[in-house]
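K.L.:
Numbering (the working numbering), first residue to last: 249 to 539.
Right under this line is the structure:
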């Protein structure tokens, strides 16, 4: 009898759980995550294999298309779907490591500035203000031109640009948290500075860090695609969404599918990341949380 009650309640319980899960953002991000992790197992063709006899084949459902090339081919006869899957891996790596490293640097510096204040705070914040006054895309182009293209260069560039946002926000959070009773008591009991930062201040900033990181995922993907489109990012024979758009822009009138599907992949992924960031902000901020 008890089992029957559990079974009958499951649909309602599942519905209540789904109401508190960001279904749409996760569905939008799922293709990039799956393709980025399991990409080599999903290829229909080698994404770098050229077959000039199949060049500029339209998508399978368009007249002249071939069902073995579901989304068509590019000017070199490479399978567009396989190239998009491979490009997802590059975007996932850039987003994960670029935003992650920026978070580590920015959060650490922000907590130091907010906790110690005084001259240390002034020096750090003036440096942050100076860097934030430079447009991010221009700074990344400069770094790419100096260091050369490649995945590592883009990750380093994103780290050097994004850390300032973490530092500014976490510095403000630290200034507020350090005034609370539990931090004051920790100082009174002669608790070490590193322990206070690690045990008392950092855990109280994790919600803000999660929201910042999620909102920056979309920016990182756009920056990677933009730099690669300009020829300063990921280089052939590697594949990236920005590179597909760059290669296909001259065929826009005759092979619209090449830049269109890559552009749609960027749009869907960035939209999913932004929606997830908004959802996290609403859920984790007590002032915005809906009861």
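Each residue gets a CB set at the ideal place from its N, CA and C atoms; glycine is no exception.
Taking only the alpha-carbon atoms, compute the straight-line gap between residue 403 and residue 346 and give it to the nearest angstrom.
P.N.:
Against the chain shown, residue 403 aligns to sequence position 155. Against the chain shown, residue 346 aligns to sequence position 98. Cα to Cα, the separation comes out at about 5 Å.
K.L.:
Smallest Cα separation from residue 518: which of 301, 407, 340, 380?
P.N.:
The count along the chain shown starts at 1 and reaches residue 518 at position 270. Closest by alpha carbon: 340.
K.L.:
By Cβ distance below 8 Å, which residues in the same chain neighbour residue 485 in space, the five residues on each side in sequence not counted?
P.N.:
Numbered from its first residue, the chain shown carries residue 485 at position 237. Cβ neighbours of residue 485 beyond the five flanking positions: 296.
K.L.:
Based on DSSP bridge pairs, tell me the residues matched to residue 327.
P.N.:
Taking the first residue of the chain shown as 1, we reach residue 327 at position 79. Note: residue 327 sits in a beta bridge opposite 321.
K.L.:
Below 8 Å, how does it come out for the region 437-448 and the region 491-510: are there three or more Cβ pairs, yes or no?
P.N.:
No contact exists between the region 437-448 and the region 491-510.
K.L.:
Rounded to whole angstroms, what's the CA-CA distance from residue 331 to residue 488? Just pull it up for me.
P.N.:
Within the chain shown, numbered from 1, the residue matching residue 331 stands at position 83. Within the chain shown, numbered from 1, the residue matching residue 488 stands at position 240. When rounded, the distance between both Cα atoms is 8 Å.
K.L.:
Of the residues 308, 312, 342, 344, which one's Cα is nearest the Cα of residue 328?
P.N.:
Indexing the chain shown from 1 puts residue 328 at position 80. When only C-alpha atoms are compared, the closest one is 308.
K.L.:
Which one of 446, 374, 466, 427 has the shortest CA to CA distance from residue 515?
P.N.:
If you number the chain shown from 1, residue 515 lands on position 267. When each option's Cα is compared against that of residue 515, the closest is 466.
K.L.:
In terms of residue numbering, what span does the alpha helix (DSSP H) encompassing residue 482 cover?
P.N.:
Taking the chain shown and counting its residues from 1, one reaches residue 482 at position 234. Note, residue 482: premise wrong, no alpha helix (DSSP H); not H, not E.
K.L.:
Quick one: using the 10 Å Cβ neighbour count with 16 as the cut-off for buried, is residue 289 buried or exposed?
P.N.:
Taking the chain shown and counting its residues from 1, the one referred to as residue 289 is at position 41. The residue is exposed, with fewer than 16 neighbouring Cβ atoms inside 10 Å.
K.L.:
Between residue 272 and residue 523, which are expected to be in contact by the criterion C-beta below 8 Å, what is the C-beta distance as a whole number of angstroms?
P.N.:
Counting from one through the chain shown, the residue named residue 272 turns up at place 24. Counting from one through the chain shown, the residue named residue 523 turns up at place 275. With 8 Å as the limit, residue 272 and residue 523 qualify as a contact, their Cβ atoms being about 6 Å apart.
K.L.:
Leaving out the 5 sequence neighbours to the left and right, which residues in its chain are closer than 6 Å to residue 463 when beta-carbon positions are compared?
P.N.:
The count along the chain shown starts at 1 and reaches residue 463 at position 215. These residues qualify, in order along the chain: 525.
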